[in-house]
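A short write-up of the structure that comes next.
Chains as they are written, first to last, in this note's numbering: chain A, 17 to 224; chain B, 17 to 224.
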């Protein structure tokens with residue numbers, strides 16, 4: 017048991033360093049030999065913890081998304097209404113991954129396209145059950161009215177992570193306010209929520 | 017003028033061959049030197065038509081999506097109602113790009129991830145105005161009721177191309193019927209259409 021705890025702890029430590037390396041260096045540019053050199057690891061030690069570069073990238077992303085979720089749930093919002101919790105989660109996630117302009121630039125750089133893509137997929141899949149639970153709460157509170165909380169959570173996350181990504185689609189910046197506004201309105205529609213409940217978003221998109 | 021027509025014709029011919037090559041060979045594996053060799057081109061001739069591998073991939077995808085749109089619009093549906101036209105476009109696009117099991121496997125293979133990704137982005141962006149026009153028609157017919165046809169078209173296409181992609185998200189196949197059903201219901205909701213108007217989709221997903 018002691019050994020297992022030690023293994024997991026060391027693996028996590030390596031994953032955090034690998035995350036930084038991928039972000040700073042670009043996923044494509046970070047070959048296995050770059051990882052070994054920068055982390056001062058032998059091949060044998062690397063393969064003790066990971067089966068491939070791709071597996072360690074997937075695990076690093078999973079870990080960071082879980083850290084983001086833990087951060088969001090840590091804050092004392094137990095008594096908050098479902099719509100306030102959803103707003104908090106959307107803004108908190110943006111802050112966690114795009115908090116610094118520098119990190120944002122690195123995540124959005126073309127040489128990180130596959131990595132960015134993996135991150136968006138992981139965010140959508142891992143966040144969806146957390147969103148769905150909050151949507152369930154909103155249904156009990158009579159604020160939301162919809163038949164499929166999990167699938168609707170997945171769709172809202174897909175729209176937020178893919179559709180609203182100006183770099184992925186190379187959207188014209190002038191068209192973004194209309195997209196954000198349409199997202200808000202459609203989010204209200206899909207959740208069966210009151211009109212105007214999520215009109216918080218276009219105020220932040222204007223700030224950027 | 018003659019020369020320009022000739023240039024465009026030859027470029028198009030090359031793009032169709034390059035599309036096949038990317039699909040069969042994988043985007044990552046198809047280096048510039050593979051392209052030159054397979055198409056029996058000199059570097060000079062290649063750069064006469066294209067500025068880079070990425071540019072010729074983007075152009076090949078743009079061309080194929082436009083061919084798909086032309087194919088869809090060619091059929092005599094001028095008198096059809098908007099909802100029938102939308103159904104025709106969704107099914108026609110699936111057929112065009114995933115018509116043969118072999119082409120589907122090739123597009124979805126991991127070594128085509130960036131290419132697949134570019135294709136999904138192009139399909140969403142280039143198809144959206146065509147969808148939006150049909151949605152406008154549905155509004156005039158009193159079948160649809162929504163304020164933002166273009167953005168809603170973009171969102172529906174994002175959901176169809178990204179969210180419903182079992183390979184991209186590595187969704188559990190058992191969860192797909194619920195996702196397709198939720199997509200149908202949410203499509204009706206977003207278009208302000210009558211319930212059941214788009215319940216055609218889960219019948220095809222069952223067939224696969």
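Here a beta-carbon is modelled for each residue, glycine too, at the ideal position from N, C-alpha and C.
Counting only residues of its own chain and dropping the five nearest sequence neighbours on each side, residue 171 of chain A has a CB closer than 8 Å to the CB of 206.
Residue 63 of chain B is classed as exposed because its beta carbon has fewer than 16 other beta carbons within 10 Å across all chains shown. Of B:149, B:144, B:101 and B:39, the smallest CA-CA separation from residue 129 of chain B is found for B:39.
For residue 179 of chain B, the nearest CB of chain A lies under 8 Å from its own CB, placing it at the interface with that chain. Closest option to residue 144 of chain A, judged by alpha-carbon separation, among A:26, A:190 and A:85: A:85.
Rounded to the nearest angstrom, the gap between the Cα atoms of residue 159 of chain B and residue 210 of chain B is 7 Å. When DSSP states are grouped into helix, strand and coil, residue 163 of chain A belongs to the coil group. Secondary structure note for residue 185 of chain B: its alpha helix (DSSP H) is the uninterrupted segment 182-185.
Under the Cβ distance rule, residue 123 of chain B does not count among the residues neighbouring chain A, no pair being separated by less than 8 Å. Every alpha helix (DSSP H) stretch that sits fully inside the region 70-148 of chain A and reaches 4 residues is listed by chain position as 98-114 and 117-124. Against residue 133 of chain B, the close residues of chain A are 133, in the order they occur along the chain (beta-carbon pairs closer than 7 Å). Per the coordinates, the alpha-carbon of residue 201 of chain B lies some 10 Å from the alpha-carbon of residue 168 of chain A.
Shown here for residue 46 of chain B: same chain residues with a beta carbon closer than 7 Å to its own, the five before and five after excluded, namely 37 and 38 in chain order. With contacts defined as CB atoms closer than 8 Å, residue 65 of chain A and residue 32 of chain A fail to qualify as a contacting pair. The C-beta of residue 60 of chain B has fewer than 16 other C-beta atoms within 10 Å across all chains shown, which makes the residue exposed. The DSSP-derived three-state label of residue 192 of chain A is helix. When secondary structure is reduced to three states using DSSP, residue 213 of chain B falls in the coil class, being assigned neither helix nor strand.
Bounds of the alpha helix (DSSP H) holding residue 52 of chain A are 48-54. Comparing alpha-carbon positions, the option among A:187, A:186, A:54 and A:137 lying closest to residue 80 of chain A turns out to be A:137. Taking all protein chains in view, the Cβ of residue 212 of chain A is surrounded by fewer than 16 other Cβ atoms within 10 Å, so the residue is classified as exposed.
Contact of residue 168 of chain B with chain A by beta-carbon distance below 8 Å involves 198 and 202.
Taking residue 135 of chain B as the centre and dropping the five residues before and after it, the same chain places the C-beta of 77 closer than 6 Å to its C-beta, in chain order. With a contact defined as Cβ atoms closer than 8 Å, residue 124 of chain B and residue 132 of chain B qualify at about 7 Å. In the three-state scheme derived from DSSP, where H, G and I count as helix and E and B as strand, residue 60 of chain A is classed as helix.
Residue 153 of chain A and residue 164 of chain A have their C-alpha atoms spaced approximately 13 Å apart. For residue 68 of chain B, the secondary structure class from DSSP, reduced to helix, strand or coil, is coil. The three-state secondary structure of residue 158 of chain A, taken from DSSP, is coil. With 16 or more other Cβ atoms inside 10 Å of its own Cβ, residue 196 of chain A counts as buried.
Residue 177 of chain A places its beta carbon less than 8 Å from that of residue 139 of chain A.
Contacts between residue 174 of chain B and chain A, judged by CB atoms closer than 8 Å, involve 174, 175, 178 and 179 in chain order. In this structure, the alpha-carbon of residue 214 of chain B lies about 37 Å from that of residue 113 of chain A.
Within its own chain, the residues whose Cβ lies closer than 8 Å to the Cβ of residue 166 of chain A, once the five positions on either side in sequence are excluded, are 144, 145 and 148, listed in chain order.
Taking a Cβ-Cβ cut-off of 7 Å, the neighbours of residue 137 of chain A in chain B comprise 184 and 185, given in sequence order. When DSSP states are grouped into helix, strand and coil, residue 204 of chain A belongs to the helix group. With its beta carbon at least 8 Å from every one in chain A, residue 39 of chain B lies outside the interface.
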